[in-house]
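One structure is given below, encoded as C-alpha cells.
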Amino acid sequence: MNRHYVGTPRRNPGELKLELFCRGLRIDPDVLSDEAGRPIVRTRAGLGSGLELVIPGDLKDLWVNAPVVEAFARQSPFVLRRGPNGLFIEDERNGATYPVVLPPEPRWYRARTSTGKPMMDIGILQGTYLGIYVGPPCGYWRSRRLSCKFCTTGENVGVSEALEKTVEDVVETCQRAKEESGVTFVHFNSGFQGGDRDLEMAAPYVKAVKERVGLIVGVQMVPARELWRYDWLIDLGVDHFSFCFEFYDPEWFRRICPGKDLTLGQQAFFRAMEYTSRRMGKGRVSGEIIAGIEPIEATLGAIDYITDVGAFPTVCVFRPLIGAEMEDWPPPPFEDMVVVHRYMLEACRKKGIPIGIAPNIEVSLVFLPTDAFYLVDRRRWDMRWYRWRNRILAWLARPYFAWQLWPHRVRDRGPDFYRRRFQKQAALQSDGVMG
Ligand code: SF4
Numbered sequence: 000m001n002r003h004y005v006g007t008p009r010r011n012p013g014e015l016k017l018e019l020f021c022r023g024l025r026i027d028p029d030v031l032s033d034e035a036g037r038p039i040v041r042t043r044a045g046l047g048s049g050l051e052l053v054i055p056g057d058l059k060d061l062w063v064n065a066p067v068v069e070a071f072a073r074q075s076p077f078v079l080r081r082g083p084n085g086l087f088i089e090d091e092r093n094g095a096t097y098p099v100v101l102p103p104e105p106r107w108y109r110a111r112t113s114t115g116k117p118m119m120d121i122g123i124l125q126g127t128y129l130g131i132y133v134g135p136p137c138g139y140w141r142s143r144r145l146s147c148k149f150c151t152t153g154e155n156v157g158v159s160e161a162l163e164k165t166v167e168d169v170v171e172t173c174q175r176a177k178e179e180s181g182v183t184f185v186h187f188n189s190g191f192q193g194g195d196r197d198l199e200m201a202a203p204y205v206k207a208v209k210e211r212v213g214l215i216v217g218v219q220m221v222p223a224r225e226l227w228r229y230d231w232l233i234d235l236g237v238d239h240f241s242f243c244f245e246f247y248d249p250e251w252f253r254r255i256c257p258g259k260d261l262t263l264g265q266q267a268f269f270r271a272m273e274y275t276s277r278r279m280g281k282g283r284v285s286g287e288i289i290a291g292i293e294p295i296e297a298t299l300g301a302i303d304y305i306t307d308v309g310a311f312p313t314v315c316v317f318r319p320l321i322g323a324e325m326e327d328w329p330p331p332p333f334e335d336m337v338v339v340h341r342y343m344l345e346a347c348r349k350k351g352i353p354i355g356i357a358p359n360i361e362v363s364l365v366f367l368p369t370d371a372f373y374l375v376d377r378r379r380w381d382m383r384w385y386r387w388r389n390r391i392l393a394w395l396a397r398p399y400f401a402w403q404l405w406p407h408r409v410r411d412r413g414p415d416f417y418r419r420r421f422q423k424q425a426a427l428q429s430d431g432v433m434g
C-alpha cells in the first residue's frame, strides 16, 4: 500500500529500532494485561531496561529492547497497541503502524538451580543470547564518585540479580537456556573487581560452560594489565572479548568514567583490545562505545580506531537510566544515530571486518553492524558484495561453530604456564630474537 506520511516518513525496521532507542515506547494499558512477554523492569548490567520486542523485517528480524520506564519514553510518539491481527506499534506523528512480536518469557526463567536460585537471577536473555553478570558488584560503586555516570549496575546486582553465582548455577542455567531457548552464545560480564584478577574470576565459568554445555562464549571485563591472562582464557575457550572504553575523547572518558580513568586509564583498554585482536583475528573482538554523549566526531573517530585494529564496534545508544547520575540527560537525536550507525557499517565494510558470522546472535540492547544494512542503499554493489561475503564466511564457519556448540574438553595449562611463556616471549622480543 502506498501511503503518504505527513511530516515524518515511514520507517523501515532498522530505522524503527534505532528511533525506539532514541524516543522510547509508550504502552497501551490493554496490551500487557494479557501478554506474557519477558519481564519489563529490569536493568541489565548498566545498559538499559526495557521491553523486549521483535520487529519483523525482510533483511532480518530485529530484536529491540525498547525503553519504556524512563522519563523520555513518556513523550514518545510510538505506542504499542493490539489490533485484530496482533500487536503493532503506532507512530502518532503520521499514523504509520508496524507489526511487532512480543517474545514470551522463557519457562526456565522461573525454574531454580540446584542451589535454589531462580535462573532468571543467574542470567537473562538480551535478544537471543544469554547475558550473565559474574562476581561482586562493581568496585566503583563503593564510592559514587568513581562509578560511571550513565550506569546503574550497583543498584541492581544483588537486588534484581543474584549476588553469588556458583559454577553449578551458571552451568544449569546455560543448559536450560540452550535446550529451551536455543541459545548459542553466553556473554559473561562484570564490573571493576581490582587486583587484575577479573579474568581469573571468569575462568572457571568459561571452562565449565565449554566442557559441560557447549556454547560460544564472550567475556567483557575491565582490561587486564597482564596480557598473558588473555592467552589463558583463549585456551579455555573464550571466542570473543569486548572492551568497554565508552568514549574516545579522553576528556569525556575522564568526565563520565572517573573510576576507569583513575584506576585503569583509557590506554589499558586500547592495549588489551589490540592484543586480543592480534591474537584472535579480525572480527573476534569488539570495542564498546556509547553514542550520544561525546561529540559525534569523537564517536566516528572511535569507530575508525576500533575497525583499524580489526575489531568490530559495539555502539550503544545512550539511554538516561532511572537511578543513574545522568538520568536527566536527553537521549540522542535519531538523525545523529543514523549517521553514526551508517558510518559503523561503512567502516566494517571498508576494513573487511566479518560481521554476523556466528549463528543465532541477535542483540536487543545495541544496533548491530548487521542491523545497519537497513540504513544504507541496498542496491549498492559494494554493500551487496559485503553481505554475500559475510554469508559465505558464515557458511564456511559452520563446522567450527558446530564444534563450539558441542561440549568438549579445553586445554587448561594453568595461569603459571601462560605467565612464564609470555615473559619468555617478551624477553626474546626485547633481545631482538623475535620479530
Ligand atoms: S565499570 Fe562503570 S559501567 Fe561497568 S559496572 Fe562499573 S560503574 Fe558500571
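Here the sequence shown is numbered in numbering that gives the first Met the number 0, starting from 0 and rising by one per residue.
Cβ atoms here follow ideal geometry from the backbone N, Cα and C, with glycine treated the same way.
Residue j and residue i - do their beta-carbons sit closer together than 9 Å?
i, j, result
"ILE215", "PHE184", "yes"
"VAL212", "PRO406", "yes"
"ILE289", "GLU69", "no"
"PRO12", "PRO55", "yes"
"ILE435", "HIS186", "Since the first residue shown for the chain is 0 and the last is 434, residue 435 is missing from the structure and cannot be characterised."
"ALA301", "PHE242", "no"
"GLY258", "LEU145", "yes"
"ILE123", "LEU79", "no"
"PHE149", "GLU296", "no"
"ALA65", "GLY23", "yes"
"LEU86", "VAL67", "no"
"TRP227", "GLN422", "yes"
"LEU17", "LEU374", "yes"
"GLN403", "ASP238", "yes"
"PRO222", "PHE20", "no"
"VAL166", "ALA207", "yes"
"GLY135", "GLN192", "Inspection of the sequence shows that residue 135 is occupied by Pro rather than by Gly. Going by C-beta atoms, PRO135 is nearer than 9 Å to GLN192."
"THR96", "ASP168", "no"
What's the gap between the Cα of residue i and the Cα of residue j?
i, j, result
"SER285", "TYR304", "11 Å"
"ARG419", "PHE317", "42 Å"
"PRO8", "ASN93", "8 Å"
"PHE400", "ALA357", "7 Å"
"LEU364", "PRO105", "18 Å"
"THR42", "SER48", "Unreliable placement is indicated for THR42, whose pLDDT of 46 sits below 50; no coordinate value is reported for it."
"THR152", "ILE360", "24 Å"
"VAL170", "PHE366", "29 Å"
"ASP195", "GLN219", "14 Å"
"MET336", "GLY291", "8 Å"
"PHE311", "PHE372", "15 Å"
"VAL314", "ALA426", "37 Å"
"THR114", "ASN389", "42 Å"
"VAL100", "TYR247", "36 Å"
"GLY6", "ASP90", "12 Å"
"PRO103", "LEU261", "42 Å"
"PRO414", "GLU210", "18 Å"
"THR369", "SER180", "22 Å"
"THR275", "ARG283", "8 Å"
Quick one: grab the DSSP three-state call for residue i.
i, result
"ASP437", "The requested residue 437 does not occur in the structure, where the chain is confined to residues 0 to 434."
"CYS315", "strand"
"ARG138", "The question names Arg, but residue 138 in the sequence shown is Gly. GLY138 falls in the helix class under three-state DSSP."
"TRP402", "helix"
"GLY351", "coil"
"TRP380", "helix"
"SER285", "strand"
"LEU261", "helix"
"GLY85", "strand"
"VAL63", "strand"
"HIS407", "coil"
"PHE474", "The structure shown has nothing for residue 474, since the chain only spans 0 to 434."
"ALA393", "helix"
Which residue comes first and which comes last in the alpha helix (DSSP H) that contains residue i?
i, result
"ALA267", "265 to 279"
"GLN125", "No alpha helix (DSSP H) holds GLN125; the beta strand (DSSP E) holding it covers 123 to 125."
"THR298", "295 to 307"
"GLU51", "That residue, GLU51, is in no alpha helix (DSSP H); its beta strand (DSSP E) goes 50 to 54."
"LEU232", "227 to 235"
"PHE20", "12 to 22"
"GLY115", "Element bounds for GLY115: n/a, residue is neither H nor E."
Compute the minimum distance between the beta carbon of residue i and the heavy atoms of ligand 2, and state whether it is under 8 Å.
i, result
"GLY322", "For ligand 2, the structure offers nothing, since it holds only ligand 1."
Which stretch, first to last residue, makes up the beta strand (DSSP E) that contains residue i?
i, result
"ILE215", "215 to 219"
key: contact_flag[the segment 248 to 268, the segment 276 to 284] where n(CB pairs < 8 Å) is 3 or more   = no
query = Does the segment 377 to 385 come within contact of the segment 189 to 207, defined as at least 3 CB pairs closer than 8 Å?
reply = no
task = Spell out a yes or no on whether the segment 388 to 397 and the segment 328 to 345 are touching, meaning 3 or more CB-CB pairs, one atom from each, closer than 8 Å.
result = no
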